[in-house]
Amino acid sequence: MFEIIQSVDQSVILWIYNWGGTSFLDRLCVFLSYTGTLRLAAILLSVYFFMRKETRKYSYVIVFALLLSNLIVFLLKIYVDRPRPFVELNIPKSDILVYASPYMSFPSGHAASAFSTAVVMIWYFRKWTVPAVALAVIAAAARVYLMVHYPSDVIGGAIIGILFSAAVILIFERYWKVKTQKNSRHLIGEMKNPNDNDLDENNANLENKMEDKIE
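For the sequence shown, my numbering gives the first residue as 3, with consecutive numbering after it.
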């Protein structure tokens, strides 16, 4: 199975290398692939959400989803330690437009970050589904175009981003629901009329007197 995946991966990279690409795609992919570009966009988005109380939850979800996804990616990179495409296929470094370490190719951190953020946007803002998915796919494909990741690298990163982002969303939804219910009960308790207890006592005394008269 691995041999088949490796064969497909290498065929795709060699096709891209022989094709040569275009100057427009070169600039676009380099822009999307610079370290921090996508993560910075996600952080700015989380800051925007944090500034508004009604959307603050989304900020927490984005940050924790990114942290968890990238932690898993980092651990897998160390464990798998897969060589980059340009290393295995002996592609000259002069043809590689962005810096990338020779190893730790699998999985793609860029893809994990892109799809992690996309899942959060899709979950809470359905109208942003198409733009979020499109940007995530383009960002992941850019890494393959630049020959610093195999297709299976970005697919693996995308799966990690999707799964762990969904897990963070479910955990936060459960926590936020419990927290909201507690706050609601506390608020109702504060709004309760302080004379209600006295009224309850008077009603109880009146009922007791009526029972005594009946007897």
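We treat Cβ as the ideally placed atom computed from N, Cα and C, and that holds for glycine.
Taking the alpha helix (DSSP H) that methionine 123 belongs to, which residues open and close that run?
111–126
Can you grab the Cα-Cα spacing for the pair methionine 149 / lysine 55, in whole Å?
-> 42 Å
Practice item. Determine, using beta carbons only, whether isoleucine 171 comes closer than 8 Å to chain B. Key: Reference to chain B is not applicable here, since this structure consists of a single protein chain.
- Are at least three pairs of beta-carbons, each pair with one atom in the region 85–100 and one in the region 124–135, less than 8 Å apart? no
At least three beta-carbon pairs within less than 8 Å, the region 158–173 to the region 62–78 | yes
Boundaries (first-last residue) of the alpha helix (DSSP H) holding proline 133: 131–147
**Asked** Is it buried or exposed for lysine 218, if we count other Cβ within 10 angstroms and need 16 for buried?
**Response** Here the chain comprises residues numbered 3 to 217, so residue 218 is not present and cannot be evaluated.
With DSSP run on the structure shown, which of helix, strand or coil describes proline 85?
coil
Check: When you compare only the Cα positions, how much space is there between leucine 189 and threonine 57?
Finding: Confidence at leucine 189 is low in this model, with a pLDDT of 43, below 50, so its placement is unreliable and the value that follows should be read with caution. Near 21 Å, if we compare the C-alpha coordinates of threonine 57 and leucine 189.
(message) Is proline 109 a contact residue of the ligand HEM, with contact defined as CB to any heavy atom under 7 Å?
(response) What this structure holds is no ligand at all, so the ligand HEM is not there to describe.
> My guess is that methionine 106 and isoleucine 74 are in contact by the Cβ rule of under 8 Å, so how many angstroms apart are they, rounded?
Replying inline: Wrong, their Cβ atoms sit about 13 Å apart, outside the cutoff.
**Asked** For isoleucine 73, which of helix, strand or coil comes out of DSSP?
**Response** The displayed chain sequence assigns leucine, not isoleucine, to residue 73. It is helical.
ask   = For leucine 47, which of Met123, Ala142 and Val32 has the nearest alpha-carbon?
value = Met123
Q) In angstroms, rounded to a whole number, what distance separates the CA positions of phenylalanine 51 and isoleucine 45? A) 10 Å
Taking the alpha-carbon of tryptophan 17 as reference, which of Asp155, Val146 and Ile162 has the nearest alpha-carbon?
Val146
- [ ] Please list, in chain order, all residues of the same chain as isoleucine 234 whose beta carbon is under 7 Å from its beta carbon, the five residues on each side excluded.
- [x] As displayed, the chain neither begins before 3 nor continues past 217, which places residue 234 out of reach and without an answer.
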